[in-house]
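Trainee:
Residue numbers (the numbering used here), protein chains in the order written: chain S, 41 to 413; chain Y, 169 to 424.
Encoded structure:
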């Protein structure tokens, strides 16, 4: 490759521009650097162009030549240019766009307030949308209960397997580890008071009431909620949702209700398994590191734990299931025809559902405390 | 560019068997064949987008499979592809889409690249305000044109079109044919047209290769290929649509 070069020569009748080398995308960069700042029409325009030593010309070279030296037609005479290159130059000159000014973003307090306002209104709209979507879903459920619409059992069972059964190992594993960690933490603090045996209460109490269901909900929001958004979002991007509507079917009945039902059934089950694994993790640490034998652990639990703890914890599971599936499906339906949009809504779905799950869990904790359960 | 003894097989389904094809510099070659005849597979094999079971592919006289990665990339820049639906990156605007190959493969200044990208967008006949739009907001025809602008970004010597006129209305398809012909002349491109639109074949192709029975069964000027005695060619060219396209092309030629 011969890099593009140019030089101006003062002839008797004015400057002559000599072009050398390959005026192509690959050969241009050097000449581009050297000629920056030259704008055709502003300074002296060459009276002639000598292209005898020009090796190759492509549209990038043609554009640069016109932009920086030739300017508007009529162009100065170009010597030694091949006929083919002449065609190219003419075509580029004809289609060349005039440079445009780009819009710039404005900064300052006023625009900032404006953006905050826009964002607040957006957040409010999202909330309304979620509530409306919840309403629509309830309506569909009612229609199914009175027999006007059908419940898709096959789909529901399929989703139970995918977001319930398939999640068992990871949920159990995670709870087991957190249970072990809680036991260690508790033992370290309680040992100072000589009350190591209270580790049993700590683990069982926290897992039955809070951690079991909370850990499961967060795992499922990340695992299944995001999958719901991506699946439905992809369907939306490929116009499958429109096809469902055009066929006279209801996307809520077909896509949302089975997923909602699947989580509604599976989340309490998974939460229960999470409670068991968490306590198991605590018992293991108790048995190996703290000198609380499994027998003692069980006896102590029987003495102190009440079955109502478990019910308090599990009662939140259906609520979380509704939130995760509704947010997941709604975000999927909001997708607008591009891969980036699918990604954005999937992120938004996970963030929203985890946020709502923790928020509701906190409110529930206060609620149950006031009720003295 | 040439292909020798190409074999493509998916499981037990044979697509190509010892297929040979030569592409001459500066020509407009149409590749036609029924649905499922392996037109797109052939293109993807030539482009190296899909591994093939046997055979050899030469680009600019060099065998692709034997080249080192760097040398291969060098060659790949000299070939452009317009995919069926444009295959634009959906998260970028049209302008940014066209700028991607320029930014990645050249050391030119960003301002100049922007101007160059705008030029390409104008070259393919898109209005200037289309540059800042996202692909999803464009019509099918405009997306194809934007895809073409991106394929043209590095001024390739060879340009592949995958079904350029499918999904376009007759007027849009004719305009696209016209555009291909114009670019072929002005930019001295070698054009390979994968199509099943006989109108395009008659209007712009200098040669046409017919894919059937896992082979190229005929390759010649359209007027000669239609005389070849082969079941698929007979049905295609002598069927109602083929006749219509032929008569139309004749009238156009007589008029122009």
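In this text, a Cβ means the ideal position worked out from N, Cα and C, and glycines have one as well.
On a predicted model such as this, the values are computed, not experimentally measured, just so you know.
(1) Taking only runs that begin and end inside the segment 238–297 of chain Y, name each unbroken beta strand (DSSP E) of 3 or more residues, in chain order.
(2) When Cβ atoms are compared, which residues of the segment 368–402 of chain S fall closer than 9 Å to chain Y?
(3) Do the CB positions of residue 56 of chain S and residue 90 of chain S come within less than 8 Å of each other?
(4) Among residues of its own chain, excluding the 5 on either side of residue 396 of chain Y, which ones have a beta-carbon nearer than 6 Å to its beta-carbon?
(5) Under 8 Å, do residue 208 of chain Y and residue 345 of chain Y count as touching if we go by C-beta distance?
(6) Please classify residue 301 of chain Y: does DSSP put it in a helix, a strand, or coil?
(7) Determine the DSSP secondary structure at residue 164 of chain S, reduced to helix, strand or coil.
(8) Can you tell me whether DSSP reads residue 55 of chain S as helix, strand or coil?
(9) Would you check if the segment 186–198 of chain S and the segment 238–246 of chain S touch, i.e. whether three or more CB-CB distances between them fall below 8 Å?
(10) Is residue 310 of chain S closer than 8 Å to residue 218 of chain S when the C-beta atoms are compared?
(11) Listing by chain order, which chain S residues have their CB less than 7 Å from the CB of residue 221 of chain Y?
(12) How should residue 328 of chain S be labelled, buried or exposed, when 16 other C-beta atoms within 10 angstroms of its C-beta is the threshold for buried?
(13) Show which residues of chain S have a CB atom less than 9 Å away from the CB atom of residue 304 of chain Y.
(14) Could you tell me which chain S residues have their CB closer than 9 Å to the CB of residue 280 of chain Y, listed as they occur along the chain?
(15) If residue 233 of chain Y and residue 173 of chain Y are in contact, beta carbons under 8 Å, what's the gap, nearest whole angstrom?
(16) With DSSP as the reference, identify every bridge partner of residue 184 of chain Y, one or two as the case may be.
(17) Of all Cβ atoms in chain S, is any one closer than 8 Å to the Cβ of residue 237 of chain Y?
(18) What residue from Y:333, Y:418, Y:407 and Y:422 has the CA that sits closest to residue 252 of chain Y's CA?
(19) Return the chain-ordered list of same chain residues with a C-beta closer than 8 Å to the C-beta of residue 393 of chain Y, the five sequence neighbours on each side being excluded.
(20) Would a check of beta-carbon distances place residue 353 of chain Y closer than 8 Å to chain S?
(21) What are the boundary residues of the beta strand (DSSP E) that includes residue 234 of chain Y?
(22) Taking only beta carbons into account, state which residues of the segment 258–287 of chain Y come closer than 8 Å to chain S, listed in chain order.
(23) Is residue 92 of chain S helix, strand or coil when you go by DSSP?
(24) List the endpoints of the continuous beta strand (DSSP E) containing residue 379 of chain Y.
(25) Is the separation between the beta-carbon of residue 302 of chain S and that of residue 397 of chain S shorter than 8 Å?
(26) Spell out the partners DSSP gives residue 387 of chain Y in its beta bridges.
(27) Going by other Cβ atoms of all chains shown within 10 Å of its Cβ, with 16 needed for buried, is residue 276 of chain S buried or exposed?
(28) Indicate whether the contact test is met: 3 or more Cβ pairs, each with one atom in the segment 322–342 of chain S and one in the segment 253–267 of chain S, closer than 8 Å.
(29) Could you work out which residues of chain Y lie near residue 127 of chain S, taking near to mean beta carbons separated by less than 8 Å?
(30) Against chain Y, does residue 64 of chain S count as a neighbour if the rule is that its beta carbon must be under 8 Å from one of theirs?
(31) Can you find a C-beta in chain S that's less than 8 Å from the C-beta of residue 381 of chain Y?
(32) Look up residue 190 of chain Y in the DSSP assignment and give the residues it is bridged to.
(33) List, in order along the chain, the chain S residues whose C-beta lies closer than 9 Å to that of residue 291 of chain Y?
(34) For a test of the three-state rule: what should DSSP assign to residue 392 of chain S, helix, strand or coil?
(35) Cβ atoms of residue 324 of chain S and residue 361 of chain S: under 8 Å apart, would you say?
(36) With residue 216 of chain S as the anchor, note down where its alpha helix (DSSP H) starts and where it stops.
Mentor: According to the structure shown:
(1) 247–250
(2) 376, 377, 378, 379, 380, 381 and 383
(3) yes
(4) 386
(5) no
(6) coil
(7) helix
(8) strand
(9) no
(10) no
(11) In chain order: nothing, as chain S lies at least about 31 Å away.
(12) exposed
(13) 277, 376, 377, 378 and 381
(14) 68, 72, 76, 100, 103, 104 and 107
(15) Contact flag wrong, Cβ pair sits at about 12 Å.
(16) Y:176
(17) no
(18) Y:333
(19) 376, 378, 386, 387, 401 and 405
(20) yes
(21) Where residue 234 of chain Y is concerned, there is no enclosing beta strand (DSSP E), given that its DSSP letter is neither H nor E.
(22) 258, 259, 270, 273, 274, 275, 276, 277, 280, 283, 284, 286 and 287
(23) strand
(24) 375–380
(25) no
(26) Y:377
(27) buried
(28) no
(29) 353 and 354
(30) yes
(31) no
(32) Y:170
(33) 99, 131, 132 and 135
(34) helix
(35) no
(36) 208–231
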